[in-house]
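The structure appears right after this line, and notes come after that.
Residue numbers (my numbering), protein chains in the order written: chain A, 29 to 395; chain B, 2 to 347.
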């Protein structure tokens, strides 16, 4: 029962958002039913729709988990965007350096490692870089008490500008008008699901990073609810003073939670760099970091909820393209309206919960 | 107990409705007329209202939609991860032509076009070597040559300016053509070249564009050609600052891509126009006539793909004598008597 009601209120928020969105569609001058059929149908068609929905959901699972872990410790990590940028660049950098990249006779690399060594190294570098970038504001919070919201936002600017600088002046192939690094070594590519699961076309960019995302959901659950560290983090989030009184090193927990959060955000780089573009591409993130906050909120900071919320947002992303292309008036902005209204309704959840309880109480008293 | 059953019911309803919807979507699209040719256009991140490149492409397809029996659909991807599925969305549905706007889309289109050999693709400003892709390339150096001639003949100081946006081969093409045209008129003329930057931000920095223009003017330049997108508008402000004497501006600027003569009337000598709209229109026309072909499509002076803009704003700024000479040079370029260096050919 407890779990069901946890699911129910976000569901009501989603349905309510769709109704409000439908009214907007009606005002704009299209048929809301057809528009929603297009939106949902294109997101759930097999194989392209589902493939792309899961592909879009992958980075959001990572960022949603990242925000959720920090939130469980009472921290608001708004810096996932910057963390995933530096991590993606770091993953591309190490895969160029150790992947034997040669472009136009210029050797960019130090060594040429086999895939078995290079892929784990590149993944680890992405995670560690994200963790490092998030641990800085974590440390500042723990040591000096400066607010993590301000610091993580500032770290976004620094991180995104820094990697943009490195891309432009050191790792772009000469003459390339597009802001991207040289291609990473072939050994660093992680396979698309279509290449080893029969029935999935290889053209879909859905890759092993999606499986890593599912694994991350499981690991985050175990970490938060089945380990001592997770307990300490949650205790710190619930009541720092009580946690400290209970013998938990609160400051250490803050740095740890931020580092885990940043590491999860950094895993977006695995999906983008090792699994899709095979290079670092300036501006690759469709603000995954910020959408991650909404995903965590809708998913109630629980791995299962985050997974489902990321699927929903992935569906909206996928369907939004079709709504933009194949309706007469509605543009892709409808999806943003829907996302915003979902978040709004989730935020007003207390109101729903209150009226729902009153409603069921009334019913019960009549019986 | 009642609460629980209500919740379960709501859940079930949603599940059923979600599962049923994909089944009926196929019918909902039938209002698209199947007998017509389908054209899809995928814009760059800038979107269709950028008043320049994307807008010109949009005008072209809109005009084609009015004149020919086609179904036109467009996508503004908004972020780089949406470009590929947008192209695939059109290709999956069997669109006859998918147009990509801007060189940044070329690696993506190359991947998509390989998967759909029966769909025609076209990329503007990019080059893809596939039989089903038309690469639409402009000979900007030819148009730049002509505006270079106009500038050299109009200049009083013997010093010209060139402001490029991003320092890339595509923009060098403008600079080289412009310089050659100017030197053809006056071998001793000096052309000062500056670039706004080396990142994408270089297209959108009017402040730096104005600074560069003022610096060039202080070195004696009296006519400045901009190929810098939005940054070029800074140079427009700079020349305006020097005002007019006896009704004639002291310093001039030359616009780019679309006809910018009316942006600051009297201060814009001419514009080096790139007729993206015409080219896109022609492309659809060829598709409708069944004459669509892949490969290189090069648009120079001959095809009316590039040129210089003359209208009521600048007809008094350029002497008839100059125009005559420029028209002669244009004919010579078309005949091949004058070969303008293409900076992108190594």
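Using N, Cα and C, we set each Cβ at its ideal position, and we do this for glycine too.
Between residue 178/B and residue 142/B, the C-beta gap is smaller than 8 Å, which places the two residues in contact. A check of alpha carbon separations from residue 262/B across 246/B, 206/B and 237/B identifies 237/B as the nearest. With the rule of 3 Cβ pairs closer than 8 Å, the region 93-102 of chain B counts as touching the region 284-298 of chain B. For residue 81/B, the C-beta contacts it makes with chain A under 7 Å involve 309, 311 and 312, in order along the chain. Scanning chain A for C-beta atoms nearer than 8 Å to the C-beta of residue 293/B yields nothing, as the closest lies near 21 Å away. Burial of residue 301/A is indicated by the presence of at least 16 other C-beta atoms within 10 angstroms of its C-beta.
Short of 6 Å from the beta carbon of residue 139/A, and not among the five residues preceding or following it, lie these beta carbons of its own chain, in chain order: 126. The continuous stretches of alpha helix (DSSP H) do not include residue 341/B, and DSSP gives it neither H nor E.
Taking residue 60/A as the centre and dropping the five residues before and after it, the same chain places the C-beta of 50, 53 and 54 closer than 6 Å to its C-beta, in chain order. Rounded to the nearest angstrom, the gap between the Cα atoms of residue 180/B and residue 43/B is 35 Å.
Cα atoms of residue 130/A and residue 155/A: separation of roughly 26 Å, rounded to the nearest angstrom.
Within chain A, the residues 353 have their CB atoms less than 9 Å from the CB of residue 41/B, given in chain order.
Contact annotation for residue 104/B against chain A: 205 [CB-CB distance below 7 Å, chain order].
Using a Cβ-Cβ cut-off of 8 Å, residue 89/B counts as an interface residue toward chain A, since at least one Cβ of chain A sits closer than that to its own. Proximity to residue 233/A across 288/A, 219/A and 257/A peaks at 219/A, based on C-alpha coordinates. Secondary structure of residue 121/B (DSSP, three-state): strand. A contact between stretches requires three or more CB pairs, one per stretch, nearer than 8 Å, and the region 147-165 of chain B meets this requirement with the region 216-233 of chain B.
Listed along the chain, the chain B residues whose CB falls inside 8 Å of the CB of residue 80/A are 86. Here the C-alpha atom of residue 118/A lies approximately 37 Å from the C-alpha atom of residue 69/A. Under the 8 Å Cβ criterion, the region 79-91 of chain B counts as touching the region 349-366 of chain A, having at least three qualifying pairs. Secondary structure at residue 328/A: coil, using DSSP grouped into helix, strand and coil. When DSSP states are grouped into helix, strand and coil, residue 250/B belongs to the strand group.
Per DSSP, the beta-bridge partners of residue 235/A are 220/A.
At least one C-beta of chain A is nearer than 8 Å to the C-beta of residue 200/B.
Residue 75/B reaches chain A at 352 and 353, counting residues in chain order whose Cβ is nearer than 9 Å. CA-CA distance, residue 143/A to residue 214/B, rounds to 52 Å. With 16 or more neighbouring CB atoms inside 10 Å of its own CB, residue 271/A falls in the buried class. Secondary structure note for residue 74/B: its beta strand (DSSP E) is the uninterrupted segment 71-76. Boundaries for residue 244/B: no alpha helix (DSSP H) harbours it, and the DSSP string shows neither H nor E there. Within the same chain, and ignoring the five residues on either side of residue 47/B in sequence, the residues whose Cβ sits closer than 7 Å to its Cβ are 55. Residues of the region 109-128 of chain B with a Cβ closer than 7 Å to any Cβ of chain A, in chain order: 116. Under DSSP, the beta-bridge partners assigned to residue 191/B are 160/B. Below 8 Å, too few C-beta pairs join the region 178-185 of chain A and the region 293-309 of chain A to call them touching: fewer than three. Secondary structure of residue 308/A (DSSP, three-state): coil. The Cβ atoms of residue 192/B and residue 183/B sit closer than 8 Å to each other. The criterion of a C-beta distance shorter than 8 Å is not satisfied by residue 270/B and residue 172/B.
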